[in-house]
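Protein sequences appear in the order of chains B and R.
Under numbering that gives the first Met the number 0, the first residue of the first sequence carries the number 0, and numbering increases by one thereafter.
Under numbering that gives the first Met the number 0, the first residue of the second sequence carries the number 0, and numbering increases by one thereafter.
Where is the CB? At the ideal position from N, CA and C, for every residue including glycine.
Predicted, not measured: the structure shown is a model, and the values here were computed from it.
Protein chains: 2
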Amino acid sequence: MKPGIPQGTRDFSAEVVRKRQYIFQTIRNVFELYGYEPLETPAMENLETLMGKYGEEGDKLIFRILDSGNPFSKDFVEELIKLFKQLQEYFKHSYETIEFLKENEKEFAKSENPFSNSMWNLNPDVLAKIFETFIKEDEVAYKNLLLTRSEISGKALRYDLTIPFARYVAMNHGKLSFPFKRYQMQPVWRADRPQKGRYREFYQCDADVVGSYSLINEVELANIYAEVFRRLGVAVEIKLNSRKILTALAEVCGGADKMIDITIAIDKLDKIGLDKVKEELTQRGLNEWQVKIIEDYLSISGTNTEKLTHITNLLGHTEAGKKGIEELSFVIAYCQPSTVNCQLDFTLARGLNYYTGVIYEAKALNAQMGSIGGGGRYDDLTGLFGVPNVPGVGISFGVDRIYDVMEELKLFPADVHTGTQVLFFNLGDAESKKSFELMQQLRSKGIRCELYHENAKFDKQFKYAEKKNIPYAVIIGTKELESSTCNVKNLVKAEQVTINFDELLSFKF
Amino acid sequence: MKPGIPQGTRDFSAEVVRKRQYIFQTIRNVFELYGYEPLETPAMENLETLMGKYGEEGDKLIFRILDSGNPFSKDFVEELIKLFKQLQEYFKHSYETIEFLKENEKEFAKSENPFSNSMWNLNPDVLAKIFETFIKEDEVAYKNLLLTRSEISGKALRYDLTIPFARYVAMNHGKLSFPFKRYQMQPVWRADRPQKGRYREFYQCDADVVGSYSLINEVELANIYAEVFRRLGVAVEIKLNSRKILTALAEVCGGADKMIDITIAIDKLDKIGLDKVKEELTQRGLNEWQVKIIEDYLSISGTNTEKLTHITNLLGHTEAGKKGIEELSFVIAYCQPSTVNCQLDFTLARGLNYYTGVIYEAKALNAQMGSIGGGGRYDDLTGLFGVPNVPGVGISFGVDRIYDVMEELKLFPADVHTGTQVLFFNLGDAESKKSFELMQQLRSKGIRCELYHENAKFDKQFKYAEKKNIPYAVIIGTKELESSTCNVKNLVKAEQVTINFDELLSFKF
């Protein structure tokens, strides 16, 4: 058997784990500085907690877990019955038209009536083909099959950290003190088609505060972005907009019913450019005058102050516009430009999600990669779970992308992936016993050491140190043991000193 | 909809996450001191990687993940057909004997023959009951059903960290440098019946070295146990035995074929006591003379040196015994009794697993809990994946149990669960703007701070600090703003000082 791992998943070796931990630890420290508290939820949630929360496309990407125990539940049997009845009906009506049935005439001839009980006497290959055709030709039946499948699974792997967080808040509503500020850094799973940079298992890294309308939260989250990326050495721009501004734009150019069309088109600006966006807006039924307003809107530029003046002229007379401008002005005024590089960007839309107020996107400035984080304010996250009126705001870090940016720009500190600092050579029983003794004393001072596991040739032991990137070797042979000295080799600089055992214990590795 | 989480899983709130992180970080630091390197593998493995590795009982506890895509594969259809045929046969023969069929006579009366196609016309409840009875009464059919179910799933959640590690070593055999020392701290999932202290999702925490026969590894792992528990403040005894000693015992009292019987019985000594063990040995076919030898063996006591003398008298004349005694003597001699509390315990058996040499168990001394860690040497872990001759030795920490012991003995440091250190009160716009400015300066010095999110009554802000266990409050009102001072309240000691802004920045929180 040739071992492998599932498509779209990854093993992380020591170097990668250490670099990833460096990112996680940096984010964690900043979250904690801002009073956010850790939360961990289980990998599996009840299926009903997740289903219907991510749109039809999202729901399909949820990994379901098979229940153990009784494999044929009442629900499953019920669905099976429905299925077989549909199957019979289907074949009664479409028998003549399906080509493969003709191709398999001989098989069918064996049974008098393929729709009767004797259907089970067909060759399994033929029956499987019948199922397959049935599935392809009848979308409703296909959905029922999926449903049937979902009936035998009551649990699923979490798809993001937001819904489990909402579920947790709703479940513990009475016990929590609000505003409740939590951060969560855990893997999520999606049955997406794997491709470069897209995985079926990946970490999300979220901070959210719920139970507060205060814009101080928005200010702090912008500061968290700035501080994390400052510590990581990644130059970023924090783009800001407000969903209320987009609402106002829709209103000004012809009613709120155009909001979704406008948002979808604007969201593509980065990818397809202004001309194509205008084309799409026209296709979506906006007239010349409306497209012109949106074009004016999208062309707003200058400093934040200049942008605020322009947007006030364009949308300041509407209720939503006024509110959105107020929010953005507050956040901009509160953020020190010297520490937080906030940039108003009215072209920012953040897809078709649940945001209702300020929205964020963190963009790396000197790398290919675009967005390495995003977030925004939402109105009623826990309403889905029966606890209404819990507003919140949150941000997310794209750890895989941050990792790629830091690799591209060589931003990881040189020592981040140093494991063992010192390798003690093994040159015999008495020698290694002494080495072990000294090594234990170095370890008690926090120096990461190893003793080579057996008395082997110098060459082999050097090779081990080299492969493991160990910077120092300590060599104690018969001569050294007699004189209570050791050779300390700096393997990076290819330098060597001979010192006595006492000196070794205070050596600066 | 009332939100909940799957049976046997847990949410971890901030305090628990922090305490658990404290344990993980302690273990991680010691692993790193000893040259072990981190590895992370995906939550899901291919089903074939896991199946057949944990015994029949273990295999049943593997959580399978449903494949997306075509829900009725050829294999599945084939199994369904088999199933329905079996079902028909079964009912032909047992119709008269099944009581519930009688109870549902009326339902059945509706259809002429319940085994015909019209079976699908039955009430789903009744049909589900038929399935259920069928499953209970026919074990072979039941296994087929499970098989059918497994056919629609190609992936599963990892059951432990050992098999994924073996799979990783086999997959990357050519790239790794041996001996390969890795540690891994990740959750695993088991579809076990949930009960007190047993969960369906829990962390394992393993260190293994593969590719080396050197007993220095055994010595170092004993030292790792000792150092981790010293740092955590948990007094432990590290029990040692060797599988070779158990082999020798079986040999001396009547052949290697008794090895499993003897091991099973000895493994129960702690739970059932010597008399019951002797009873069980007799039941398992051992004669009086054989049981007497085992009784002598189990009663060996004294210091490690005394035990070694006794065991040499009893088993030293056999090849396996001699080897086992040599191994244990080496480890005992190498471990400093002042730092590593190693105790030979010949009653230690560690279940029926793959161990072949030294075996360990870490036992907390002052707590109810028994074993909080275990491990041992194995011969050929990666042979399962086509790479033979990779011996290894490893240990594991039972994090959930260590957590419980530390709670019971109150061993967590007092500040381990302190999140926010300082709450700035919010007493108006100008006041909170100044507070925010000062707070940002404190944060840049590493002090974890929060500003209360809105201008609320004192009482409410105090309550928030209290609920979040925040030890300090900084209060800046109109008067303080004018005089550039603030009140710093120690909420634990109920003490207050008034200092100026500059003093605040160097205050010892």
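Taking 8 Å as the cut-off, decide whether the C-beta atoms of residue i and residue j are in contact.
| i | j | result |
| --- | --- | --- |
| residue 438/R | residue 461/R | no |
| residue 264/B | residue 280/B | yes |
| residue 344/R | residue 238/R | yes |
| residue 219/R | residue 33/R | yes |
| residue 154/R | residue 45/R | yes |
| residue 597/B | residue 407/B | Only positions 0 to 508 of chain B appear in this structure, which leaves residue 597/B out of reach. |
| residue 421/B | residue 446/B | yes |
| residue 216/B | residue 227/B | no |
| residue 2/B | residue 384/R | yes |
| residue 56/R | residue 416/R | no |
| residue 234/B | residue 364/B | yes |
| residue 198/R | residue 60/R | no |
| residue 176/B | residue 466/R | yes |
| residue 398/R | residue 204/R | yes |
For the alpha helix (DSSP H) holding residue i, just list the boundary residues, first then last.
| i | result |
| --- | --- |
| residue 389/R | Element bounds for residue 389/R: n/a, residue is neither H nor E. |
| residue 353/R | Segment: none, residue 353/R is in no alpha helix (DSSP H) and carries neither H nor E. |
| residue 463/B | 457-466 |
| residue 296/B | 287-297 |
| residue 228/B | 215-231 |
| residue 312/R | 303-314 |
| residue 471/R | Run containing residue 471/R: none in the alpha helix (DSSP H); it sits in the beta strand (DSSP E), 471-474. |
| residue 261/R | 258-266 |
Are the C-beta of residue i and some C-beta of chain B separated by less than 8 Å?
| i | result |
| --- | --- |
| residue 371/R | no |
| residue 459/R | no |
| residue 384/R | yes |
| residue 38/R | yes |
| residue 12/R | yes |
| residue 341/R | no |
| residue 64/R | yes |
| residue 363/R | no |
| residue 419/R | yes |
| residue 504/R | no |
| residue 90/R | In this prediction, residue 90/R scores a pLDDT of 48, lower than 50, which makes its location untrustworthy; the coordinate-derived value is nonetheless stated afterwards. So no, residue 90/R is outside the interface. |
Could one say the Cβ of residue i lies closer than 8 Å to chain R's Cβ atoms, at least one of them?
| i | result |
| --- | --- |
| residue 176/B | yes |
| residue 213/B | yes |
| residue 316/B | no |
| residue 99/B | Any reading at residue 99/B is ruled out, since the residue's pLDDT is 45, under 50, leaving its predicted position unreliable. |
| residue 401/B | no |
| residue 94/B | Summary for residue 94/B: the model assigns pLDDT 39, below 50, so the residue's position carries little reliability; its value from the coordinates is reported in the next sentence. Chain R contact via Cβ: absent. |
| residue 220/B | no |
| residue 448/B | yes |
| residue 390/B | no |
| residue 16/B | yes |
Determine the extent of the beta strand (DSSP E) in which residue i is found, giving its start and end residues.
| i | result |
| --- | --- |
| residue 423/B | 421-423 |
| residue 377/B | 370-377 |
| residue 412/R | Counting along the chain, residue 412/R falls outside any beta strand (DSSP E), and DSSP gives it neither H nor E. |
| residue 184/R | 179-188 |
| residue 28/B | Residue 28/B -> not in any beta strand (DSSP E); alpha helix (DSSP H) instead, spanning 13-32. |
| residue 201/B | 200-209 |
| residue 241/R | 235-241 |
| residue 155/R | 154-156 |
Could you say which of the options lies nearest to residue i if we only look at CA atoms?
| i | options | result |
| --- | --- | --- |
| residue 247/R | 31/R, 296/R, 25/R | 296/R |
| residue 181/R | 436/B, 57/B, 17/B | 17/B |
| residue 450/R | 213/B, 57/B, 399/B | 213/B |
| residue 455/B | 211/R, 15/R, 199/R, 6/R | 211/R |
| residue 373/R | 354/R, 189/R, 38/R | 354/R |
| residue 350/R | 472/R, 474/R, 260/R, 249/R | 260/R |
| residue 171/B | 506/B, 504/B, 389/B, 468/B | 389/B |
| residue 300/B | 477/B, 342/B, 272/B, 321/B | 342/B |
| residue 333/B | 8/B, 503/B, 202/B, 222/B | 222/B |
Quick one: is the Cβ of residue i within less than 7 Å of any heavy atom of the ligand SAH?
| i | result |
| --- | --- |
| residue 493/R | The ligand content of the structure shown is nil, which means the ligand SAH is not present either. |
Three-pair Cβ contact test at 8 Å for the segment 384-394 of chain B versus the segment 418-434 of chain B: Contact fails: fewer than three Cβ-Cβ distances are below 8 Å.
Sufficient close CB pairs (3 or more, under 8 Å) joining the segment 156-169 of chain R to the segment 42-57 of chain R: yes
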